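S.K.:
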Amino acid sequence: MRKILTITFLVAPALLLYLPAEVFAGSITGTVNVRGLRSPADVLVYISKAPAVPVDLSGAKFIMDQRDLAFIPHVLAVPVGTTVQFPNNDKVAHNVFSLSRTKTFNLGSYGPGGSKTMLFDKPGVVELRCDVHAEMSAYILDMENPYWAVTDDKGHFKIPDQEYLAQHGIKGIKDLPPGRYVVKTWNEKLKTQEATVEVPKDGEVTLQLDLTRGAPSALYK
Ligand SMILES: [Cu+2]
Numbered sequence: 004m005r006k007i008l009t010i011t012f013l014v015a016p017a018l019l020l021y022l023p024a025e026v027f028a029g030s031i032t033g034t035v036n037v038r039g040l041r042s043p044a045d046v047l048v049y050i051s052k053a054p055a056v057p058v059d060l061s062g063a064k065f066i067m068d069q070r071d072l073a074f075i076p077h078v079l080a081v082p083v084g085t086t087v088q089f090p091n092n093d094k095v096a097h098n099v100f101s102l103s104r105t106k107t108f109n110l111g112s113y114g115p116g117g118s119k120t121m122l123f124d125k126p127g128v129v130e131l132r133c134d135v136h137a138e139m140s141a142y143i144l145d146m147e148n149p150y151w152a153v154t155d156d157k158g159h160f161k162i163p164d165q166e167y168l169a170q171h172g173i174k175g176i177k178d179l180p181p182g183r184y185v186v187k188t189w190n191e192k193l194k195t196q197e198a199t200v201e202v203p204k205d206g207e208v209t210l211q212l213d214l215t216r217g218a219p220s221a222l223y224k
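Okay, so the sequence shown: first residue is 4 according to the numbering used here, each after it adds one.
1) Beta-carbon within less than 8 Å of Asp-155's beta-carbon, same chain only, minus the 5 sequence neighbours each way: which residues are those?
2) Tell me which same chain residues have a C-beta within less than 8 Å of the C-beta of Thr-1, skipping the five on either side of it?
3) Would a C-beta distance cut-off of 8 Å place Val-129 and Thr-105 closer than the cut-off?
4) With DSSP collapsed to three states, give me the class of Tyr-49.
5) Against chain D, does Lys-224 count as a neighbour if the rule is that its beta carbon must be under 8 Å from one of theirs?
6) Below 7 Å CB to CB, which residues in the same chain sit around Tyr-223 once its five sequence neighbours on both sides are set aside?
7) Is it the case that the stretch 64-71 contacts the stretch 196-208, given that we only count it when at least three CB pairs across the two stretches are under 8 Å?
8) Assign Val-26 to one of two classes, buried (16 or more other C-beta atoms within 10 Å of its C-beta) or exposed (fewer than that).
9) If you run the structure through DSSP and keep just helix, strand and coil, what is Gln-69?
Quick look at the structure:
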């Protein structure tokens, strides 16, 4: 008994030293469950009305790859104002285009090793297709603020997704200021879900979202 007490006294003050004095920010983590789809991946979870924070795009690098007759990733979310690269890493030519109201464009046909770019400067959903391969489709989600995440293959997400942003050359995005936020989802095959969460000033709030098949709502109204 005496031994345990001694350890407690030695360890406790040391732990206190490592606690941050005060953290005025939080994050939202959680899981998306889907019914009627094989995978809970590629679901955008986002905050539609968030504090306007500047996003430094000078080092941004976002790629929509063409490989094995598919666009990779299937859902690519980018901050508004991002220029996306479209490399052809396949053995055949592709012709990327979009008829979406958010961004209508046609990159034309180009072969293996070729690459083109396109600026996405208006918030909303951009559906990508290939004029050569009808089965190819993907989505670029042009985001008004940096508070979003796209779920992984287990349906997990974290807002903001610091790791993802850093991997794509965007630094300096801080956690959410404490407050009440409406969280929404977007996936082309799933009905949009909404949840209101209270982000504490010193940590994370967790959230579970259950989605079913259906048409999603517009990203922004
Ligand atoms: Cu194609």
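By construction, the Cβ of each residue, glycine as well, lies at the ideal position given by its N, Cα and C atoms.
Predicted model only: the values in this text are computed from it and were never measured.
M.R.: In this structure, then:
1) Ala-44
2) Here the chain comprises residues numbered 4 to 224, so residue 1 is not present and cannot be evaluated.
3) yes
4) strand
5) No chain D is part of this structure, which consists of one protein chain only.
6) Ser-51, Pro-126, Gly-127, Glu-147
7) no
8) At Val-26, the pLDDT of 48 sits below 50, so the modelled position is not reliable and the matter cannot be decided from this model.
9) strand
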